[in-house]
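Residue numbers (my numbering), protein chains in the order written: chain W, 1 to 310; chain H, 311 to 620. Beta carbons: idealized from backbone N, C-alpha and C, even for Gly. Owing to the predicted nature of the structure, the values given are computational and were not obtained by experimental measurement.
Protein chains: 2
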Amino acid sequence: MTVLVVGSVGIDDVQTPFGTAQGVLGGAASYFALAASPFTDVQLVGIVGDDFPREHVDLLRAHRVDLAGLQTVPGGATFRWAGKYEFDLNVAHTLDTRLNVFTDFQPRLPEHFRDTEFVYLANIQPGLQLDVLSQIHHPRFVGLDSMNFWIGNPETRATLSQVIARVNAVFMNDAEIRQYTGTYHLLEAARQVLSEGPDVVLIKKGEHGAVAVSEAGVFVAAAFPLEAVKDPTGAGDSFAGGFMGSLAQSGDTSWAGIRRAMAYGSVVASFAVEDFSVDRLRTLDGGQIAERYQLLRECTVLEPHQAAAA
Amino acid sequence: MTVLVVGSVGIDDVQTPFGTAQGVLGGAASYFALAASPFTDVQLVGIVGDDFPREHVDLLRAHRVDLAGLQTVPGGATFRWAGKYEFDLNVAHTLDTRLNVFTDFQPRLPEHFRDTEFVYLANIQPGLQLDVLSQIHHPRFVGLDSMNFWIGNPETRATLSQVIARVNAVFMNDAEIRQYTGTYHLLEAARQVLSEGPDVVLIKKGEHGAVAVSEAGVFVAAAFPLEAVKDPTGAGDSFAGGFMGSLAQSGDTSWAGIRRAMAYGSVVASFAVEDFSVDRLRTLDGGQIAERYQLLRECTVLEPHQAAAA
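As structure tokens, then:
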């Protein structure tokens, strides 16, 4: 089945200890779409200015991404982000953010997008996320991302809670879920979020993998042990893309299906960070995903307990 | 088989967001010994002053820990450490360190300790670690811990390299291995350490688990997803205790044996941090370890790849 994503499409300038990239494709929806595309067709809802390079449009189109929902504002400037990572790639500094046309983004879903059942609400203002949900006729599995900015403001936080009550999966990193719940312990925090309605909470821990918590249990998805990371930008959205894409492809939203989708998310994210921008995702195919999935399995499988402890 | 540990035995004052503990048993060797004791007999080499509480001696003795190698300095004061953890338990502040009798520690192994084959060199001056190794007749599997203080000083670093060349397993956290090798990428850093002689490098990542790297491959051991952490002090040494204790118990130093021992290390460390000081380790038994090992297995097992990606 198809998966739909609503979120930012932008142009990034990125510096990491391993190089720089200027004017490259960025934005949560771009990463998500390319990460999901090895699994299924993708519908993208976003906004750009008419400065948005034609090559990015062509790239997305060439990867089964339907851009009928991508608004182009005549005379407008595309969302831009500039950032820098420390030697410890977990430490990121935003050097510049220009929302540009993104400021007035009003997501409007083309008619043929409204029957899509698998939906990912990337990090945008919670009010807009709610508005998108109202345009979907029969949502079957909705994933949600957010950020500290919306959690910290009482007004947007209240709206975010309304969105959380209506989705199936909440994606948060450890800092965000601690902020949202005021609870340090992650399992307790996850259960608090679950009590607001979702079926599963997916806690993203960057280079350390991700943890899923649901009524059915806890699943720890290791990050694939990588030889080299060049640019961690978009890792979380690539994880979400691999997760939602594989879930839409299999249609299996059971706990077993969610666990498997978590592993696909880990695998796809591991490719995404191996090169700048979406460069590694351009050439990613199912065979490479299958191979790395198998490797991830091999390096995490735990032998049965031996009657060792006396 | 028995496992021998050389390292600090001390008295701690600890503050965490979840409580405080004053004058409690601490030190790497104490944590290690109690963490290894559910698996096998332990021999401890260390030093204390005659202010060291009798109850701590009794506790260790009651847990199959042979204290023939614990020197007591008449009129001396035991090593003391005071520390405080932030709400983010990964952020620790040392408030006070008094080495006291530990300053003049010269490890001397009792005769019946010298035939022990499984040895853990906890974090002490590398020169002393080398000296301990020279007292062991037939080492079969030696584990080594160290710290930034010895890595950063050119002189002690050179000695540390000599120790590394003679051991089987090097335990380092991610910051330490990056410092030691000057390499950001952990797999590359681990291979650099392997090239100096050891069979396996065990990278400790605290609440995120641990990664083992050897010629045979990479193993990612998840941390057990805990409901609540009260005090992370001693987590690394408890991990090492579970690892070395279970390895000595099984005698299986193959890659499969090392992977299993990693999981036991994770499990034992997860108990250690659930209460202050060594309190949770006091009552830990094989049944509890087996049960949590099984749970860890259940929440990390990855289904086989489905021919999903197109």
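Using a threshold of 8 Å, state whether the C-beta atoms of residue i and residue j are closer than that.
i	j	result
W:P17	H:L497	no
W:V14	W:F239	no
H:V473	H:Y490	no
W:G236	W:K204	yes
W:V278	W:L70	no
W:E196	H:A566	no
H:L454	H:F481	yes
W:R98	W:R80	yes
W:A228	W:E291	no
W:L296	W:P38	no
H:I487	H:A500	yes
W:L202	W:T116	no
H:S576	H:A522	no
H:T466	H:P436	yes
W:V7	W:G49	The sequence as given places Gly at residue 7 of chain W; Val does not occur at that position. Not in contact: W:G7 and W:G49 (Cβ atoms no closer than 8 Å).
W:V218	W:N168	no
H:D406	H:A387	no
H:Y494	W:F87	yes
H:S580	H:A533	yes
H:F428	H:F451	yes
H:A571	H:L557	yes
H:G596	H:M311	no
H:T413	W:T300	no
W:H305	H:Q604	yes
W:V65	W:V101	no
H:A346	H:A432	no
W:Q249	W:T72	no
H:Y341	H:A520	no
H:L369	H:L354	no
With DSSP collapsed to three states, give me the class of residue i.
i	result
H:R390	strand
H:T350	coil
W:T181	helix
W:L99	coil
H:A620	Residue placement at H:A620 is flagged as unreliable, the pLDDT there being 44, under the threshold of 50; a coordinate-derived value is accordingly withheld.
H:Y341	helix
H:G546	helix
H:V539	coil
H:V319	coil
H:L621	One cannot answer for residue 621 of chain H here, as it falls past the ends of chain H, which runs 311 to 620.
W:I258	helix
W:V48	strand
H:Q435	coil
H:L377	strand
W:E55	helix
W:L60	helix
W:H305	coil
H:L594	coil
W:V273	coil
H:T610	coil
H:F534	coil
W:S312	The question about residue 312 of chain W has no answer, for chain W in this structure spans 1 to 310.
W:V278	coil
Opposite residue i in the DSSP bridges: which residues?
i	result
H:A402	H:Y395
W:T253	In DSSP, W:T253 forms no bridge with anything.
W:F171	W:D145, W:L202
H:F529	H:A522
W:F118	W:V3, W:F141
H:I599	According to DSSP, which records beta bridges pairwise, H:I599 is partnered with nothing at all.
H:Q416	Partner(s): none; H:Q416 has no beta bridge.
H:Q332	Its beta-bridge partners do not exist; DSSP assigns none.
H:V324	H:A331, H:G393
W:T72	W:V48
Q. What are the start and end residues of each continuous beta strand (DSSP E) run of 3 or more residues lying completely inside the region 131-168 of chain W, in chain order?
A. 141-145
Q. Three or more beta-carbon pairs under 8 Å between the region 404-423 of chain H and the region 435-451 of chain H, yes or no?
A. yes
Q. Along the region 195-224 of chain W, what residues have a CB closer than 7 Å to any CB found in chain C?
A. As a matter of chain content, chain C is missing from the structure shown, whose protein chains are W and H.
Q | Cβ contact check for the region 86-93 of chain W and the region 23-30 of chain W: 3 or more pairs under 8 Å | A | no
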